[in-house]
Amino acid sequence: MAFSVEQMRSALSDGLLSFPITDFDANGKFNAETFRQRIESFIEHGVSAIFVAGGTGEFFSLDEDDYRQIVELSVATVKGRVPVIASAGRSVSDAKTFVAIADAAGCDGILLMPPFLTECPEDGIVEYASQIMASSKTQFIYYNRGNGVLTAESVKALAAANPNMVALKDGVGDIAALNDTVKTVGDRLVYIGGVPTAEIFAEAYLSIGVNTYSSAVFNFMPEMANKFYKALREGDKAVVTAIIKDFFIPFCRLRDRKKGYAVSLIKAGAALMGHSAGNVRAPLTMPTAGEVAELEAIIKKNA
Numbered sequence: 001m002a003f004s005v006e007q008m009r010s011a012l013s014d015g016l017l018s019f020p021i022t023d024f025d026a027n028g029k030f031n032a033e034t035f036r037q038r039i040e041s042f043i044e045h046g047v048s049a050i051f052v053a054g055g056t057g058e059f060f061s062l063d064e065d066d067y068r069q070i071v072e073l074s075v076a077t078v079k080g081r082v083p084v085i086a087s088a089g090r091s092v093s094d095a096k097t098f099v100a101i102a103d104a105a106g107c108d109g110i111l112l113m114p115p116f117l118t119e120c121p122e123d124g125i126v127e128y129a130s131q132i133m134a135s136s137k138t139q140f141i142y143y144n145r146g147n148g149v150l151t152a153e154s155v156k157a158l159a160a161a162n163p164n165m166v167a168l169k170d171g172v173g174d175i176a177a178l179n180d181t182v183k184t185v186g187d188r189l190v191y192i193g194g195v196p197t198a199e200i201f202a203e204a205y206l207s208i209g210v211n212t213y214s215s216a217v218f219n220f221m222p223e224m225a226n227k228f229y230k231a232l233r234e235g236d237k238a239v240v241t242a243i244i245k246d247f248f249i250p251f252c253r254l255r256d257r258k259k260g261y262a263v264s265l266i267k268a269g270a271a272l273m274g275h276s277a278g279n280v281r282a283p284l285t286m287p288t289a290g291e292v293a294e295l296e297a298i299i300k301k302n303a
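Pasting the structure below:
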């Protein structure tokens, strides 16, 4: 780990975060060279932290060999310029294995995904996360999403039990509930916006003190993503409104046509911009030719 707790908190509190898609070749295998180029491009465009093998990176479809290659290559490419945060999840045992692989590679932190499939009581989720966090000295971010959603008091309990928990990523988009958590837990944690296409929630996030979020569209429109974030933080409402109206609203309408398009459209966008990462793996599906044409029109209007 190259970053202290204070440095990690700073990187997560201010600046645009992004989650690179995972590059696959024509046979669906991990493409190390194009992924390396993607990571280098992210650094060049000024992200404050890189989250590899996350939701946008199709963590759910990666095996241990894929994951090991991704985290080792990411750390070697970034070379300590910004924090590298990898994902872990599934069962407790699986998550511990992924954490150990990320630790060995030199990652700076772990984004802990919700448990796999089953409905979960909150005390069970706290126990699940605590067992995984106790397995490593690395810094953890809990992803509040799906079947692993915690209310304010449970987040407070999880943070109290685990000193190495540094942040909470919101994947729900319930601003009232998140505001409750922010006010209840306070600055013990850093708070990150993490709903799909988080820019559409960015104004609401900022209003309750959530200063940053994960940007998936950074994968294919980094200049626009940076322009939007800069305008948001500077209070330039005209620019924020224009980008939301011209790009994010039509993009989200297209995204909502089919489950999984929050990832699939990002890969389609990368291909349209000349930086293909291959197709998504099953169970996700790529957009149709007509939908790709619609995406291309949205991009051209905002490029």
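Taken in order, the sequence shown gives residues 1 to 303; the numbers are from the UniProt record's numbering.
A virtual CB, placed ideally from N, CA and C, is assigned to each residue, including glycine.
D170 has N144 and G193 as its beta-bridge partners, per DSSP. Runs of the alpha helix (DSSP H) lying entirely within the region 7-40 and spanning at least 4 residues: none are present. The distance from the Cβ of V280 to that of M286 is about 6 Å, consistent with a contact at the 8 Å cut-off. In this structure, the straight-line span from the alpha carbon of N147 to that of R90 is close to 11 Å. A direct Cα-to-Cα measurement between F59 and Q7 gives close to 26 Å. G109: member of the beta strand (DSSP E) spanning G109 to L112, first to last residue.
Ranked by Cα distance from L16, the options K137, V240 and F218 are led by F218.
Short of 8 Å from the beta carbon of G28, and not among the five residues preceding or following it, lie these beta carbons of its own chain, in chain order: G278, N279 and R281.
Exposed is the label assigned to S207, since fewer than 16 other Cβ atoms lie within 10 Å of its Cβ. The secondary-structure analysis by DSSP pairs Y128 with nothing; it has no beta-bridge partner.
Note on geometry: alpha-carbon atoms of A160 and Y191 lie some 16 Å from one another. Of all C-beta pairs linking the region 163-174 to the region 133-147, three or more are shorter than 8 Å, placing the two stretches in contact. With distances taken between CA atoms, F3 lies nearest to P83 out of E72, P83 and A76. For M165, the secondary structure class from DSSP, reduced to helix, strand or coil, is strand. DSSP links V185 through a beta bridge to no other residue. E64 and V71 have their C-alpha atoms roughly 11 Å apart. Annotation: the continuous beta strand (DSSP E) that includes I85 extends over V84 to A88. Going by DSSP, F51 is part of the beta strand (DSSP E) stretching over A49 to V52.
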